[in-house]
Amino acid sequence: MSKIAVVTGANQGLGFALVEGLARRLGPDDVVYLTGRDAGRVAQAREEVTEAKAEVRTHLLDVRDGAAVAAFADDLRDRHGGVDIVLSNHYLRTVPQDVPAEVIDAYVDANNLGTTRMLRSFLPVLRPGGRFVVIASSLGRLRELPEHLRRRFDEAATLDELDATMLAWRDAVRAGRAGDEGWPDFINIPSKVGQVAAVRTLARQRRADDLAHDRLLVASCPGMIDTASSRPWFDMTGAQTAEEAAVALVRLVLEPDVDPAFYGELVRFGRVLSWA
Numbered sequence: 002m003s004k005i006a007v008v009t010g011a012n013q014g015l016g017f018a019l020v021e022g023l024a025r026r027l028g029p030d031d032v033v034y035l036t037g038r039d040a041g042r043v044a045q046a047r048e049e050v051t052e053a054k055a056e057v058r059t060h061l062l063d064v065r066d067g068a069a070v071a072a073f074a075d076d077l078r079d080r081h082g083g084v085d086i087v088l089s090n091h092y093l094r095t096v097p098q099d100v101p102a103e104v105i106d107a108y109v110d111a112n113n114l115g116t117t118r119m120l121r122s123f124l125p126v127l128r129p130g131g132r133f134v135v136i137a138s139s140l141g142r143l144r145e146l147p148e149h150l151r152r153r154f155d156e157a158a159t160l161d162e163l164d165a166t167m168l169a170w171r172d173a174v175r176a177g178r179a180g181d182e183g184w185p186d187f188i189n190i191p192s193k194v195g196q197v198a199a200v201r202t203l204a205r206q207r208r209a210d211d212l213a214h215d216r217l218l219v220a221s222c223p224g225m226i227d228t229a230s231s232r233p234w235f236d237m238t239g240a241q242t243a244e245e246a247a248v249a250l251v252r253l254v255l256e257p258d259v260d261p262a263f264y265g266e267l268v269r270f271g272r273v274l275s276w277a
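This is the structure we're talking about:
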């Protein structure tokens, strides 16, 4: 059976490198979907893919549109019988000059609600042996939050509860009271914690069935990457290129035997990072 792969946020940076890496290692009967929310950039990215063995198809997808995400998943189920690889990689960037209260609505909608939309729509069509990876960060660990906020993420029973937590944080940032409530000033931290928590929340519900059918649900930290998103915030000395960072992620989703200890965890370079 041919393999079907989907990469979000794939018109540049790590997402594009993931598409190229998959397309070079998969076979001529396999399909890699290069997705993004800007038609021109998606089309241009497709033109820049080189040395592909698998077929690379484009699809216009804005993860802020829940109906569009669900429709795409349904279409892949009807067309292919499901999907085998999902790399949830989309990211709405910010720069240090941004005022958090002015950007937080779009930021949470894309980065957090976009992630939970992908999980809700694509996990049900993930075939046996499938791999679903949420690209997150080592900043997405509970230790990055003060203790009184950790329970909101660690004890979320459903994605609805977790979405509510993210929206409450969004509202606090918008109203200028997030600092008084103990939230970190760097909005990337609660957002990444929310992404990892989403994986962990669903893993508690799905673990037995997924492991019985060789499905992997995992969050992954790709390490420091020299991209337009990272440069304004971090020292890029020693940072990986997007192509270098994609290697471990492509290996993770294509290896036939994955350590079950990875399931539901945050993984970096083949090692589980402690959540707490």
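Using this note's numbering, you'd call the opening residue of the sequence shown number 2 and step up by one each time.
The C-beta atom is built at its ideal place from N, Cα and C for all residues, glycine as well.
Only residues of its own chain outside the window of five on either side were considered, and among them Ser-3 have a CB closer than 6 Å to the CB of Asp-30, listed in chain order.
Scanning its chain for C-beta atoms nearer than 7 Å, with the 5 sequence neighbours on each side dropped, one finds around Gly-28 the residues Lys-54 and Ala-55, in chain order. Ser-89 is bridged by DSSP to Val-135.
Val-197 and Glu-49 have their C-alpha atoms some 31 Å from each other. Under the rule that a run must span 3 or more residues, the beta strand (DSSP E) segments found entirely inside the region 34 to 84 read 56 to 61.
Between the region 158 to 177 and the region 211 to 220 there are fewer than three inter-stretch CB-CB distances shorter than 8 Å, so the stretches are not counted as touching.
Gly-37 sits buried, since 16 or more C-beta atoms from the chains shown fall within 10 Å of its C-beta.
For Val-174, the enclosing alpha helix (DSSP H) stretches over residues 160 to 176. Look at Arg-216 here: in three-state DSSP terms it is coil, with no helix or strand label. Taking a contact as a CB-CB distance under 8 Å, the pair Val-70 and Arg-118 counts as one, their CB atoms being some 5 Å apart. Taking all protein chains in view, the Cβ of Gln-241 is crowded by 16 or more other Cβ atoms within 10 Å, so the residue is classified as buried.
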